[in-house]
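Undergrad: For the sequence shown, UniProt numbering gives the first residue as 1, with consecutive numbering after it.
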Amino acid sequence: MRILTIFIAIFMSLSSGSIFSKDTTSQRNIDSLIITTSRVLLKRTLVPNSVNIVNKSKLEASANSALLPSLGREVPGLFVTQKGVTGFGVSEGSAGVVNIRGIGQGNKVLLMMDGQPQFAGIFGHALPDVYVASDAERVEVVRGPGSLIYGSNAAAGVINVITHRQMEEGVSLRGRFMFGSYNTQKYLLNSGFSKGKFSGFVSLNHDRTDGHRENSDFRITNGFIKTAYNFSKTFKLLADFSVAKTNSQNPGRADKPIYDNIIDILRGNASISLENSNGDFTGALKGFYGFGDHYINDGYFTGEQPRSMMFKSIDHNYGLMLYQSYSGLKGTTVTVGLDYKNWGGRASNVPIPTSSAIEVELVNKSVSEFAAYIVAQQELFSILSINAGIRYENNSVFGGEWVPQAGANLNIFKGTTVKYIFSKGFRSPNIREMYMFPPQNPNLLPERFFNNEISILQNFWGGRLTAEAAVFLITGENLIQFAIVDGKPRNINSGRVNNRGFELELRGRVTENFEISSNYSFLSMKNPVLAAPERMFNANIHYSPGKFKLSAGIQSIKNLCLSIAPVLEMESYTLLNASVSYSDKIKRLGYTLFIKGDNLTGAKYSINPGFPMPGAMVFAGVNLDI
């Protein structure tokens with residue numbers, strides 16, 4: 001409660017006098033427009049959803065290649081599991097689970113790139129190692145269900161990575177090298193080009209580390225290319241392709257190490273879209289295709305023999321999206337859309353090269369979904385905005401699902417917005433749950449979640465300072481759980497959830513070169529949920545005197561649930577991170593020298609049970625820009 005008291009004291013003292021610079025006009029209302037909640041750009045004060053925008057400068061300040069860890073510090077109520085120096089991995093012991101307001105286990109938070117869903121076709125989960133900070137222009141995070149627009153997997157929220165597009169005429173070139181603890185190395189090279197109607201961006205990242213434990217090495221190479229061509233003021237064509245190659249090893253629990261648990265993954269995604277914008281009408285026709293090729297050796301424990309078989313899967317996730325928005329009448333925006341998705345794949349156990357065993361197919365299935373939706377927004381008398389929509393989604397396995405949403409925004413004073421929203425989210429059962437391994441059940445129904453939320457958004461001094469508070473209640477039904485039915489293991493729809501809590505956030509630019517941000521969240525759960533802390537607090541400061549930049553951040557986690565059975569195990573910890581950088585220029589070459597430290601106090605903690613996190617770590621590097 002001490003942290004909550006501090007927040008209230010700061011909030012109440014703001015009206016006593018301006019401590020903030022009056023010379024930061026260019027920073028006012030930064031990132032006030034969002035696109036994820038309705039597929040068209042709208043002001044945050046006009047949409048009922050709770051949305052966070054993490055811009056490029058915040059992502060770059062962390063010097064992380066992976067994008068998700070930065071979000072865990074910038075977004076209240078969002079928690080990301082980790083298990084080592086870098087990399088998340090897949091399979092047993094993997095990390096990268098994203099929970100929003102205590103919901104997220106089992107792919108209930110949808111990760112997207114430019115509005116396109118990204119998940120593995122068989123297991124349904126996102127691949128967190130694919131998302132690279134250097135490819136992002138900004139990230140929009142919807143806290144609460146987003147199934148009205150995006151359907152399945154957006155049950156708890158949406159993370160939309162909006163990728164970089166070269167806007168300035170000419171050529172840009174950027175590189176980075178970083179080295180640090182546990183032989184961790186990170187390399188980055190990207191380039192942008194723009195001339196006339198054509199623009200392009202290409203990026204290459206490589207990360208590697210020996211890890212802080214034996215047999216915990218990790219390697220990944222990411223590539224991304226994006227092009228855009230403006231046919232006219234009305235139409236433009238965009239295309240992109242991303243690929244990630246991962247090689248990693250899982251050391252297992254500290255008290256039960258595993259050997260040869262090797263993961264080899266190739267994932268890619270391609271998309272093409274035709275966008276239109278001519279005043280009253282905006283929209284797009286988008287097609288996307290994602291694929292994955294996984295090889296996993298499940299390894300062996302002490303006293304066992306190496307395995308003669310390994311897991312192999314080839315999956316897909318493709319679809320088409322068509323939507324159009326009309327805003328010809330004053331204060332009115334109507335969006336209609338159609339979606340088609342197909343996901344699935346083939347999985348089998350295959351012999352290792354030296355084995356004479358025979359391949360055993362585990363599954364070869366695909367599922368299709370077709371949906372239509374409409375959402376309308378109406379402003380009334382400049383103080384009230386109402387929002388409502390409905391979606392119908394038909395799944396080839398379980399049939400139809402209706403998804404309603406309604407909300408309102410009341411701008412009672414200048415700079416003050418009060419919001420209310422009711423939203424429904426759902427998650428379709430994935431291929432693994434329905435058709436793979438002994439608990440499978442082809443008769444599963446979707447998990448359903450219902451969110452009621454009230455929030456208040458307050459801007460001070462022309463947007464130089466923003467405070468936000470939200471109170472929510474989330475109930476859920478039909479959660480897929482493991483049970484013994486007639487003496488056999490089986491997945492069934494039996495679970496329920498009842499989560500309630502509140503979130504506080506404060507952001508401000510004190511002067512032109514001094515910025516602060518902090519957030520606090522409290523979560524009360526009727527039933528404990530893994531990787532969902534009861535309390536989270538984050539605070540960050542950025543100070544830029546001249547050519548130097550100093551950053552520091554603290555994260556406090558209380559009552560994080562590590563395991564539920566056989567005994568309830570909780571974890572609490574506090575982390576301190578800091579960085580210093582110096583930037584200058586030699587003719588056209590700009591450079592930044594930096595050093596950063598993570599977990600500087602050497603806190604001992606775990607996020608995944610049995611996987612102790614590393615202690616204090618130090619990294620140094622250089623950024624080059626032309």
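Glycine included, C-beta positions come from ideal geometry on N, C-alpha and C.
Can you list, in chain order, the residues of its chain whose CB lies under 8 Å from that of PRO446, leaving out five sequence neighbours each side?
TA: Answer for PRO446: SER152, ASN395, PHE398, GLU401, PHE426, ARG427, SER428, PRO429, ASN478, listed in chain order.
Undergrad: What is the DSSP secondary structure of residue 679, counted as helix, strand or coil?
TA: This structure does not reach residue 679, given that the chain is present from 1 up to 626, and the question cannot be answered.
Undergrad: Check each candidate in ALA408, GLU571, LYS587, THR184 and name the one with the smallest Cα separation from residue 628.
TA: Outside the modelled stretch of the chain, which goes from 1 to 626, sits residue 628, for which no answer is possible.
Undergrad: For the beta strand (DSSP E) containing ARG588, list its first residue and its last residue.
TA: Where ARG588 is concerned, there is no enclosing beta strand (DSSP E), given that its DSSP letter is neither H nor E.
Undergrad: For the alpha helix (DSSP H) containing TYR150, list its first residue and its last residue.
TA: Residues 147 to 150.
Undergrad: Less than 9 Å between the C-beta atoms of ASN317 and VAL130, yes or no?
TA: Not a contact, by the Cβ cut-off of 9 Å.
Undergrad: Hey, quick one: how far does the alpha helix (DSSP H) through GLY72 stretch, first residue to last?
TA: 68 to 74 is the extent of the alpha helix (DSSP H) around GLY72.
Undergrad: State the beta-bridge partners of ARG213 as determined by DSSP.
TA: For ARG213, which the question treats as bridged, DSSP gives no partner whatsoever.
Undergrad: Taking just the CA atoms, how far does LYS186 sit from PHE619?
TA: One C-alpha to the other measures close to 10 Å.
Undergrad: Closer than 6 Å by C-beta to ASN577: which residues in its own chain qualify, once you throw out the five before and the five after it? Chain order, please.
TA: These residues qualify, in order along the chain: GLY553, ASP598.
Undergrad: Please list the terminal residues of the continuous beta strand (DSSP E) segment that includes LYS226.
TA: From DSSP, the beta strand (DSSP E) with LYS226 extends over 218 to 230.
Undergrad: With a threshold of 8 Å on Cβ separation, who are the neighbours of LEU14 within its own chain once the five nearest residues in sequence on each side are excluded?
TA: Confidence is the limiting factor: at LEU14 the pLDDT is only 43, short of 50, which leaves the residue's position unreliable and the question unanswerable from this model.
Undergrad: In chain order, what residues of the same chain have a beta carbon less than 6 Å from the beta carbon of PRO442, not counting five sequence neighbours either side?
TA: Correct list, in chain order: MET434.
Undergrad: Using a C-beta cutoff of 9 Å, does GLY180 count as contacting chain C?
TA: Among the protein chains of the structure shown there is no chain C, as only one such chain exists.
Undergrad: Would you call the region 239 to 256 and the region 214 to 222 in contact, with 3 or more CB pairs under 8 Å?
TA: These segments touch.
Undergrad: Measuring alpha carbon to alpha carbon, tell me which of ASP293, PHE288, ARG346 ends up nearest LEU320.
TA: Closest by alpha carbon: PHE288.
Undergrad: Would you report the Cα separation of GLU369 and ASN491, rounded to the nearest angstrom?
TA: Taking the straight line from one Cα to the other gives about 22 Å.
Undergrad: Between GLU569, LYS414, SER348, which has its C-alpha nearest SER382's C-alpha?
TA: Selected option, being the one with the closest Cα: LYS414.
Undergrad: By DSSP, does residue 653 sit in helix, in strand, or in coil?
TA: Nothing in the structure corresponds to residue 653, since the chain is present only between 1 and 626.
Undergrad: Is the Cβ-Cβ distance between ARG391 and ALA371 less than 9 Å?
TA: Yes, they are a contact pair.
Undergrad: According to DSSP, is ARG165 part of a helix, a strand, or is it coil?
TA: Of the three classes helix, strand and coil, the one that applies to ARG165 here is coil, per DSSP.
Undergrad: Decide if PHE119 is buried, meaning its Cβ has at least 16 other Cβ atoms within 10 Å, or exposed.
TA: Result: buried.
Undergrad: Give a yes or no on contact between the region 258 to 266 and the region 293 to 308, applying the rule of three or more CB pairs nearer than 8 Å.
TA: These segments touch.
Undergrad: Pull the bridge partners of GLN105 from the DSSP assignment, please.
TA: Answer is none; GLN105 lacks a bridge partner.
Undergrad: Looking at the structure shown, is LEU59 part of a helix, part of a strand, or coil, going by DSSP?
TA: Three-state DSSP puts LEU59 in a helix.
Undergrad: Once DSSP output is grouped into helix, strand and coil, what is the label at TYR326?
TA: Looking at TYR326 - three-state DSSP - the assignment turns out to be strand.
Undergrad: Which class does TYR182 belong to by DSSP, given the choice of helix, strand or coil?
TA: Here TYR182 sits in helix by DSSP.
Undergrad: Quick check on residue 638: buried or exposed, where buried means 16 or more other Cβ atoms within 10 Å of its Cβ?
TA: Past the edges of the chain, shown from 1 to 626, lies residue 638, and the structure says nothing about it.
Undergrad: Does TYR605 come out as helix, strand or coil in the three-state DSSP assignment?
TA: Three-state result, TYR605: coil.
Undergrad: Could you check whether VAL109 and VAL158 sit closer than 9 Å to each other, using their CB atoms as the reference points?
TA: Yes. Within cutoff.
Undergrad: Between GLU505 and the rest of its own chain, which residues show a CB-CB distance below 6 Å, the 5 nearest in sequence each way excluded?
TA: PRO76, GLU468, ASN519.
Undergrad: Considering only the alpha carbon of each residue, which of VAL142, GLY87, ASN342 lies closest to MET112?
TA: Comparing Cα positions, the closest option is VAL142.
Undergrad: Could you name the residues of the same chain whose beta carbon sits closer than 6 Å to that of ILE386, not counting the 5 residues immediately before and after it, in chain order?
TA: For ILE386, where only same-chain residues beyond five positions count, the Cβ hits under 6 Å are GLN378, ALA408.
Undergrad: Is it buried or exposed for VAL85, if we count other Cβ within 10 angstroms and need 16 for buried?
TA: Under this definition VAL85 is a buried residue.
Undergrad: Using the Cα positions of GLY87 and SER70, report the straight-line distance between them to the nearest angstrom.
TA: Each residue's alpha carbon lies about 14 Å from the other.
Undergrad: Could you give the residue range of the beta strand (DSSP E) that holds MET617?
TA: Counting along the chain, the beta strand (DSSP E) containing MET617 begins and ends at 617 to 625.
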